[in-house]
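This report concerns only the one structure given below.
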Amino acid sequence: MTTKASQFEVHHNGVTISVSRGGRGRPLVLCPGLLTTQADLHELTDLLRRDYDVTTFDLRGHGLSTPADEYTFEAFLSDLDAVMTALEHRSPLLVGHSLGADLAVHYAAEHPGTVAGLVLVDGANPTPEPFLTDADLPDFQAMAEGLRHELEPVKGTPRQVLLNPHDFLDVNLQVEAVRSGILDLYQTIDQPIHLIMSTSMAGTSDDARTRWRNQNWRAGIERLVRERPHVTTSWLDADHRLVLTHAPEIARLICDTQMPRTLDRC
């Protein structure tokens, strides 16, 4: 059995970040992605807490964390930084999904030697071609507007997301810009890195644009592995929601990831 999770808050730069910690074993910090909350990740978190002392949290404007005046990549990175600073963990395994994966890479690059390793789930991908081009903006704008209706029912709950469609689109554009230089950051990280990627990140539609996006996604990881051969990769037959749909497989892959020998095996 796992220990009951404790709840606490981290206050920084005018926002309050909701954090939970529970489990047993080596420390692990789980960073959610954009539009994803701790509540959404409950299945994965519960599985990991069987073998790890897991800390997870809600980014600003998500879940039980408070809204903010700005939603930028740097602001979200400051949320992760504040949580890591507040913890007593020494060299945790840092796991991030989507935007959370990019935040994890930046944190590890900016704070060398502070994490035992990285597990990056469907994010932080140095794709050879931009994933979001001018031609894609209408699709993403429509997606953002669709999310407005999807998120309405969960407002006021642990699954609430307070970003508006403009925020969603703007953060995606920022992530696109950040990923254009992320290959260089990988060069600065000495800790083990394992990526868990979806085969259908852009979905399973058979239209030409979706096929291209999925091919570009795979090409980015192939590019990364060529540049950093020690980076290991697992592929799941899933789309970008894999942290929700394939939690047991992801937990097993995280547990099986080869980290320094000081880390306990599951």
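Residue 1 is where the sequence shown starts when you use the UniProt record's numbering, and the numbers rise one by one after that. Just so it is clear, CB atoms sit at the ideal spot from N, CA and C, and this is done for glycine as well.
Would residue i be called buried (16 or more neighbouring beta carbons within 10 Å of its own) or exposed?
i	result
Ser18	buried
Arg265	Note that Arg265 scores 46 on pLDDT, short of 50, meaning its location in the model is unreliable and no value can be drawn from it.
Arg13	The question names Arg, yet the displayed sequence has Asn at residue 13. Asn13 should be labelled exposed.
Gly117	buried
Val175	buried
Gly181	exposed
His97	buried
Arg261	Residue placement at Arg261 cannot be trusted, given a pLDDT of 43 that sits under 50; what the coordinates show is reported in the next sentence. Flag for Arg261 reads exposed.
Leu263	For Leu263, the predicted model reports a pLDDT of 42, less than 50, meaning its position is unreliable; a value from the coordinates is still stated below. By the 10 Å Cβ count, Leu263 comes out buried.
Trp212	exposed
Ala124	buried
Since residue i and residue j should fall inside the 8 Å C-beta cutoff, what is the C-beta to C-beta distance between them, to a whole number of angstroms?
i	j	result
Thr55	Leu41	In fact, because the Cβ distance is near 12 Å, the residues do not count as touching under 8 Å.
Asp136	Ser200	Not a contact, Cβ separation roughly 17 Å.
Ile189	Val119	Actually they are not in contact, since the Cβ atoms of Ile189 and Val119 sit about 13 Å apart, beyond 8 Å.
Arg26	Leu93	7 Å
Leu28	Leu99	That pair is no contact at about 18 Å.
Is the beta carbon of residue j closer than 8 Å to that of residue i?
i	j	result
Val15	Arg60	yes
Thr257	His166	no
Thr85	His62	no
His106	Leu185	yes
Just reading off the alpha helix (DSSP H) that residue i is part of, what are its end residues?
i	result
Arg21	Unbroken run through Arg21 is the beta strand (DSSP E), Val15 to Gly23; no alpha helix (DSSP H).
Thr133	That residue, Thr133, is in no alpha helix (DSSP H); it is neither H nor E in DSSP.
Tyr71	Note, Tyr71: premise wrong, no alpha helix (DSSP H); not H, not E.
Asn216	Ala208 to Glu227
Leu242	Leu242 to Thr245
Asp190	Per DSSP, Asp190 belongs to no alpha helix (DSSP H) and is neither H nor E.
Per DSSP, which residues does residue i bridge with? Please list them.
i	result
Trp235	Met197
Leu120	Gly96 and Leu195
His111	DSSP lists no partner for His111.
Phe8	Val19
Cys255	Answer by DSSP bridge pairing: none, since Cys255 is not bridged.
Phe140	Per DSSP, none; premise fails for Phe140.
Val54	Gly22 and Leu28
His62	Val161
Could you spell out the range, first to last residue, of the beta strand (DSSP E) harbouring residue i?
i	result
Glu43	Taken as a continuous stretch (DSSP letters only), Glu43 belongs to no beta strand (DSSP E), being part of the alpha helix (DSSP H) at His42 to Leu48.
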